[in-house]
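Notes follow once the structure below has been shown.
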Amino acid sequence: MSTTHRGRPLDEIKPSLSSRWLAMDGSLLDEETLTRFSERIAAGGHFDSTT
């Protein structure tokens, strides 16, 4: 997502990330984690979703 969502506003990233996370993991991210991950993605960063 970093490639396609870098520099985007959080209100665009959060729904996409939430949907992808739910499809991948079967759970919803809490708001704090969703915001933290979205901020990282907006900055062009990455995270390991398997941990």
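Residue numbers (the working numbering): 11 to 61. We put the CB at the ideal spot given by N, CA and C, even for glycine. These numbers were taken from a predicted model, which means no experiment stands behind them.
Ordered along the chain, which non-local residues of its own chain (more than five positions away) have a Cβ less than 8 Å from that of A52?
-> Its chain contains H15, R16, G17, R18, P19, L20 and I23 as the residues whose beta carbon lies nearer than 8 Å to that of A52, once the 5 sequence neighbours on both sides are disregarded; these appear in chain order.
Look up H15 in the DSSP assignment and say whether it is helix, strand or coil.
-> helix
Less than 8 Å between the CB atoms is what I'm expecting for S29 and L39, so what's the real figure, rounded?
-> Not really, about 11 Å apart at Cβ, beyond 8 Å.
Can the beta-carbon of G55 be found less than 9 Å from the beta-carbon of S26?
-> no
Leaving out five residues on either side along the sequence, give the residues of the same chain with a beta carbon under 7 Å from the beta carbon of S48.
-> L20, I23, K24 and L27
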